[in-house]
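Enquirer: Residue numbers (full-length UniProt numbering): 1 to 619. Each residue gets a CB set at the ideal place from its N, CA and C atoms; glycine is no exception. All values reported here derive from a predicted model rather than from experimental measurement. Sharing a structure with you now.
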């Protein structure tokens with residue numbers, strides 16, 4: 001909804017971290033009734049500063065794909081939903097490009113990340129459009145200075161990385177800056193290709209906050225990403241390589257900017273108001289052999305207001321909070337290389353939202369939440385969405401029951417609405433927003449202080465899904481149904497930790513066939529051990545059998561087929577050795593068994609790769 005104050009990232013005791021996703025106000029994680037996973041900074045460090053997509057592969061319910069290797073388009077689908085059904089926030093700012101509405105996780109480096117909060121299930125009641133599948137909120141570092149950290153790393157495929165992060169001030173008034181650069185020669189994006197496709201990513205994150213006066217503070221964020229990626233083309237000629245990725249001189253260049261500021265006022269005890277403004281800009285250009293011939297640019301301005309009042313009743317047995325929120329969003333988009341006159345104008349649209357949330361905590365063991373939101377769309381039908389959640393801690397048993405129900409919508413993207421030429425993709429101005437409702441229920445069990453297990457059953461139904469009907473898109477008249485089970489666990493013995501997840505998913509199109517790039521079974525297992533000054537971590541990811549869209553016989557019956565892809569297992573080994581209080585040596589091996597696999601038909605994947613580096617931390 002807005003950039004979040006630094007104070008919202010403080011933590012309670014380690015067993016109850018404060019989270020800012022899934023509720024209008026920060027609350028301890030066990031009080032969230034929705035399915036929520038938190039990836040902390042310690043998890044990122046233990047796994048050798050792995051890519052964000054590798055971290056997300058360990059979250060139950062998430063299907064991650066990145067065909068072609070490092071730097072290529074990386075998609076995340078939550079509980080069988082589409083990639084553009086996931087609302088991606090960085091410190092509360094929506095960062096998906098306005099053109100296609102889907103965030104490319106290959107643009108995100110880990111150096112500035114403090115933690116990642118992943119909320120699963122429709123979340124329209126709080127977040128509005130595009131949270132149909134769930135929310136991924138990336139929270140960056142800030143506060144607790146003075147501090148300085150720097151790292152370098154080099155390894156396979158001509159890869160080199162450098163980063164530096166510094167913080168001045170304290171938790172109340174601070175300025176943090178993180179600069180990162182990564183380059184790689186890469187592999188051939190096309191599985192049958194021989195020419196390596198490299199990637200360059202330069203990112204800068206600035207975050208600051210200041211306590212202006214008692215009860216008044218301001219927080220701000222600036223993020224800039226410049227990414228240049230070599231890619232491969234796709235043969236659609238009807239010849240012998242029809243439907244395959246092929247070597248050529250294709251490339252894409254991305255520039256993303258996100259900026260936001262929040263003023264938080266707390267004039268009275270129990271009452272706070274936050275006023276926020278954010279701006280995002282994205283520009284994509286691409287072509288082949290050094291000549292740009294496709295691309296777009298878009299921008300989003302968002303203004304938000306949130307006011308919350310908290311009070312107690314029943315002698316303190318019941319704690320209540322009522323939050324009212326309103327926001328206004330304006331977007332603009334332009335095809336940078338229009339081949340058709342009707343695509344020359346800048347396209348604009350806007351949306352205003354009003355909503356409320358009520359929370360009540362009863363006897364410090366039953367936590368209920370209800371929220372409702374109404375969005376007034378200038379170009380589409382208005383939408384009203386809701387969310388209901390409950391969490392019940394059974395005192396003295398270590399058991400927590402949790403459940404949620406929610407609805408969500410995703411508006412058509414600019415590309416779907418207005419088309420895209422080059423590409424001869426015809427827009428459909430009569431599209432309706434996609435709509436979903438979902439429900440989940442689960443049980444979480446603590447065994448002593450060292451073991452935590454969680455099992456959740458979920459179901460969701462999607463209506464008015466936007467599907468391709470070449471050369472345009474339409475709303476499907478049927479319903480897509482998804483259901484499954486998520487299992488997660490964590491064991492912590494101090495010097496040794498073990499965590500794992502398992503997902504079984506059934507996701508079907510209205511015609512009853514399985515949806516593509518959603519494996520029916522997924523699993524992960526991570527073990528880490530601290531031995532003296534050294535730490536070692538071993539991780540495994542299992543991606544089960546799944547389908548992918550196959551265009552190889554498209555010109556036979558002018559329809560794409562669904563072809564199965566084999567399951568695969570990826571092992572990762574990471575280690576570090578603390579030479580001194582300020583210097584640490586790091587190393588990791590990805591795809592330890594040198595598995596050959598595909599995440600999409602005809603696209604390659606990296607083989608075994610080794611990396612080593614140094615990290616310096618001051619003071």
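Please determine if the segment 80-89 and the segment 49-58 are in contact, where contact requires at least 3 C-beta pairs separated by less than 8 Å.
Expert: Taking 8 Å as the limit for Cβ pairs, the verdict is that the segment 49-58 does not touch the segment 80-89.
Enquirer: Just how far apart, CA to CA, sit residue 536 and residue 142?
Expert: Mapped onto the chain shown, residue 536 falls at position 536. Mapped onto the chain shown, residue 142 falls at position 142. Whole-angstrom Cα-Cα distance: 27 Å.
Enquirer: Measuring only the C-alpha atoms, how far is residue 290 from residue 249?
Expert: Residue mapping note: residue 290 aligns to position 290 of the chain shown, counting from 1. Residue mapping note: residue 249 aligns to position 249 of the chain shown, counting from 1. Taking the straight line joining both Cα atoms gives about 8 Å.
Enquirer: Quick one: measure Cβ to Cβ for residue 436 and residue 125, integer angstroms, because I've assumed they're closer than 8 Å.
Expert: Against the chain shown, residue 436 aligns to sequence position 436. Against the chain shown, residue 125 aligns to sequence position 125. Not confirmed; about 12 Å, so no contact.
Enquirer: Does DSSP classify residue 42 as helix, strand or coil?
Expert: Here residue 42 is taken as the residue at index 42 of the chain shown, counted from 1. In the structure shown, residue 42 sits in a helix (DSSP, three-state: H, G or I).
Enquirer: What do you get for residue 237, buried or exposed, if any count of 16 or more other CB atoms within 10 angstroms of its CB means buried?
Expert: Here the question's residue 237 lines up with position 237 in the chain shown. Classification for residue 237: exposed.
Enquirer: By the three-class DSSP mapping on this structure, what secondary structure does residue 254 have?
Expert: The residue you call residue 254 lines up with position 254 of the chain shown. Of the three classes helix, strand and coil, the one that applies to residue 254 here is strand, per DSSP.
Enquirer: If we call anything under 8 Å between Cβ atoms a contact, is residue 210 one with residue 165?
Expert: Along the chain shown, one-based indexing puts residue 210 at 210. Along the chain shown, one-based indexing puts residue 165 at 165. Not a contact, by the Cβ cut-off of 8 Å.
Enquirer: Given residue 451, which residues of its chain have a CB within under 7 Å of its CB, disregarding the five upstream and five downstream residues?
Expert: Taking the first residue of the chain shown as 1, we reach residue 451 at position 451. Counting only Cβ-Cβ distances below 7 Å, and skipping sequence neighbours, we find 491.
Enquirer: Is it buried or exposed for residue 138, if we count other Cβ within 10 angstroms and need 16 for buried?
Expert: Translated into the one-based positions of the chain shown, residue 138 becomes position 138. That one is buried.
Enquirer: Beta-carbon within less than 8 Å of residue 16's beta-carbon, same chain only, minus the 5 sequence neighbours each way: which residues are those?
Expert: To locate residue 16, count along the chain shown from 1; it is residue 16. Closer than 8 Å at the Cβ level, and outside the excluded window around residue 16, lie 28, 29 and 30.
Enquirer: Where does residue 55 fall in DSSP's three states?
Expert: Numbered from its first residue, the chain shown carries residue 55 at position 55. Reduced to three states, the DSSP call for residue 55 is helix.
Enquirer: Given that a residue counts as buried once 16 or more other Cβ atoms are within 10 Å of its Cβ, and exposed if not, what is residue 70?
Expert: On the chain shown, position 70 is the one that residue 70 refers to. That one is buried.
Enquirer: DSSP puts residue 590 in a beta bridge; with which residues?
Expert: The sequence position of residue 590 within the chain shown is 590, counting from 1. 609, per the DSSP bridge assignment.
Enquirer: If you run the structure through DSSP and keep just helix, strand and coil, what is residue 342?
Expert: Residue mapping note: residue 342 aligns to position 342 of the chain shown, counting from 1. In this structure, residue 342 counts as helix in the three-state DSSP scheme.
Enquirer: With burial defined as no fewer than 16 other Cβ atoms inside 10 Å of the residue's Cβ, what is the status of residue 556: buried or exposed?
Expert: One-based indexing of the chain shown puts residue 556 at position 556. Exposed, by the Cβ-count rule.
Enquirer: Helix or strand or just coil, what does DSSP make of residue 423?
Expert: Counting from one through the chain shown, the residue named residue 423 turns up at place 423. In this structure, residue 423 counts as coil in the three-state DSSP scheme.
Enquirer: Could you check how far apart the C-beta atoms of residue 244 and residue 182 are, in whole angstroms? I think they sit under 8 Å.
Expert: For the purposes of this step, residue 244 is taken as residue 244 along the chain shown, with counting starting at 1. For the purposes of this step, residue 182 is taken as residue 182 along the chain shown, with counting starting at 1. In fact, because the Cβ distance is near 29 Å, the residues do not count as touching under 8 Å.
Enquirer: Pair every Cβ in the segment 570-580 with every Cβ in the segment 528-547, then say whether three or more of these pairs are closer than 8 Å.
Expert: Cβ pair count under 8 Å is three or more, so yes.
Enquirer: So, helix, strand or coil for residue 619, using DSSP?
Expert: Numbered from 1 along the chain shown, position 619 holds the residue referred to as residue 619. Here residue 619 sits in coil by DSSP.
Enquirer: I'd like the list of long-range same chain contacts for residue 423, defined as Cβ closer than 8 Å, with 5 residues on each side in sequence excluded.
Expert: Walking along the chain shown from the start, residue 423 turns up at place 423. Cβ within range, chain order: 294.
Enquirer: Is it right to say residue 384 is buried, meaning 16 or more other beta carbons lie within 10 angstroms of its own, or is it exposed?
Expert: On the chain shown, position 384 is the one that residue 384 refers to. Under this definition residue 384 is an exposed residue.
Enquirer: Would you call the CB atoms of residue 59 and residue 501 closer than 8 Å?
Expert: Locating residue 59 in the chain shown gives position 59, where the first residue counts as 1. Locating residue 501 in the chain shown gives position 501, where the first residue counts as 1. It is a contact, given that the beta carbons lie within the stated cut-off.
Enquirer: Using 8 Å as the threshold, is the C-beta distance between residue 460 and residue 79 below it?
Expert: Position 460 of the chain shown holds residue 460. Position 79 of the chain shown holds residue 79. In this structure, residue 79 lies closer than 8 Å to residue 460 by Cβ.
Enquirer: Quick one, which of 115, 297, 155 and 167 has its alpha-carbon nearest residue 348's?
Expert: For this step, residue 348 is matched to residue 348 along the chain shown. It is 297.
Enquirer: How many angstroms separate the CA atom of residue 399 from the CA atom of residue 35?
Expert: Locating residue 399 in the chain shown gives position 399, where the first residue counts as 1. Locating residue 35 in the chain shown gives position 35, where the first residue counts as 1. Cα to Cα, the separation comes out at about 15 Å.
Enquirer: Taking its Cβ as the centre, do 16 or more other Cβ atoms sit within 10 Å of residue 614, making it buried, or is it exposed?
Expert: In the chain shown, residue 614 corresponds to position 614, counting from 1. Exposed, since its Cβ has fewer than 16 Cβ neighbours within 10 Å.
Enquirer: When the Cβ atoms of the segment 193-200 are set against those of the segment 162-179, are three or more pairs found closer than 8 Å?
Expert: They do not touch, by the three-pair rule.
Enquirer: Look at the Cβ atom of residue 33, then the Cβ atom of residue 446, and state whether they are nearer than 8 Å.
Expert: Your numbering for residue 33 matches position 33 in the chain shown. Your numbering for residue 446 matches position 446 in the chain shown. No; because the gap between Cβ atoms is not below 8 Å, this pair is not in contact.
Enquirer: Given a cut-off of 8 Å on the beta-carbon distance, is the pair residue 458 and residue 438 in contact?
Expert: As a position in the chain shown, residue 458 is number 458, starting the count at 1. As a position in the chain shown, residue 438 is number 438, starting the count at 1. Yes, Cβ-Cβ distance for residue 458 and residue 438 is below 8 Å.
Enquirer: What are the boundary residues of the alpha helix (DSSP H) that residue 554 is part of?
Expert: Here residue 554 refers to the residue found at position 554 when the chain shown is read from its first residue. Counting along the chain, the alpha helix (DSSP H) containing residue 554 begins and ends at 554-557.
Enquirer: Find out if the Cβ-Cβ distance for the pair residue 56, residue 76 is shorter than 8 Å.
Expert: Residue mapping note: residue 56 aligns to position 56 of the chain shown, counting from 1. Residue mapping note: residue 76 aligns to position 76 of the chain shown, counting from 1. Result yes, Cβ atoms of residue 56 and residue 76 sit closer than 8 Å.
Enquirer: How should residue 471 be labelled, buried or exposed, when 16 other C-beta atoms within 10 angstroms of its C-beta is the threshold for buried?
Expert: The count along the chain shown starts at 1 and reaches residue 471 at position 471. Residue 471 should be labelled exposed.
Enquirer: Run the CB neighbour count on residue 129, radius 10 Å, all protein chains shown included, and call it buried at 16 or more, exposed below.
Expert: Working through the chain shown from its first residue, we reach residue 129 at position 129. Label assigned to residue 129: buried.
Enquirer: Could you spell out where the alpha helix (DSSP H) holding residue 461 opens and where it closes?
Expert: The residue given as residue 461 occupies position 461 in the chain shown. Segment 451-463 is the beta strand (DSSP E) holding residue 461; no alpha helix (DSSP H) there.
Enquirer: What whole-angstrom Cβ distance do residue 510 and residue 480 have, given they're in contact under 8 Å?
Expert: As a first step, residue 510 is located in the chain shown; it is residue number 510 there, counting from the start. As a first step, residue 480 is located in the chain shown; it is residue number 480 there, counting from the start. Sure, about 6 Å apart at Cβ, within 8 Å.
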